[in-house]
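A quick write-up on the structure given underneath.
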Amino acid sequence: MKTTDFQFDLRLGEADRERQFEKLKETILGVKGVLKVDCRASNSGCNCHIQVEFPDSEAAKKLHRKLMNLLMRTPDVEISSVTTKLTEIFD
160 MKTTDFQFDL RLGEADRERQ FEKLKETILG VKGVLKVDCR ASNSGCNCHI
210 QVEFPDSEAA KKLHRKLMNL LMRTPDVEIS SVTTKLTEIF D
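Following the working numbering, the numbering of the sequence shown begins with 160 at its first residue and continues without gaps.
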């Protein structure tokens, strides 16, 4: 199994960010293949590093797509940027 980090910069709409961080972390950790979630406050919302494991590049793409869809469906969350180390996925 390979591992990598997906980084999402998110804008949060809820006033209670700590509560929203915890709900977001719980939701993301429920996805199969997610090992660890680290969300930190930023000026415009939060920065989430999601550590994942996967057997091959196809599985990594599916997992990334699943996380993107999950975040897009989450109320009061807007994705502002996404970063992934492609060399770790396709190596």
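All residues carry an ideal CB built from backbone N, CA and C; glycine is no exception.
For residue i, the first and last residue of its enclosing alpha helix (DSSP H)
{"i": "residue 184", "result": "176-188"}
Boundaries of the beta strand (DSSP E) in which residue i is found, first to last residue
{"i": "residue 161", "result": "161-171"}
Contact under 7 angstroms by Cβ, residue i with residue j
{"i": "residue 169", "j": "residue 179", "result": "no"}
{"i": "residue 167", "j": "residue 241", "result": "yes"}
{"i": "residue 213", "j": "residue 222", "result": "yes"}
{"i": "residue 238", "j": "residue 230", "result": "yes"}
Inter-residue spacing [alpha-carbon to alpha-carbon] between residue i and residue j
{"i": "residue 164", "j": "residue 197", "result": "10 angstroms"}
{"i": "residue 217", "j": "residue 210", "result": "17 angstroms"}
{"i": "residue 201", "j": "residue 185", "result": "20 angstroms"}
Local Cβ density within 10 Å of residue i, reported as buried at 16 or more and exposed below that
{"i": "residue 189", "result": "exposed"}
{"i": "residue 194", "result": "exposed"}
Task: Those runs of the beta strand (DSSP E) which lie wholly inside the region 200-246 and span at least 3 residues - done: Segments of the beta strand (DSSP E) lying fully in the region 200-246: 204-213, 236-243.
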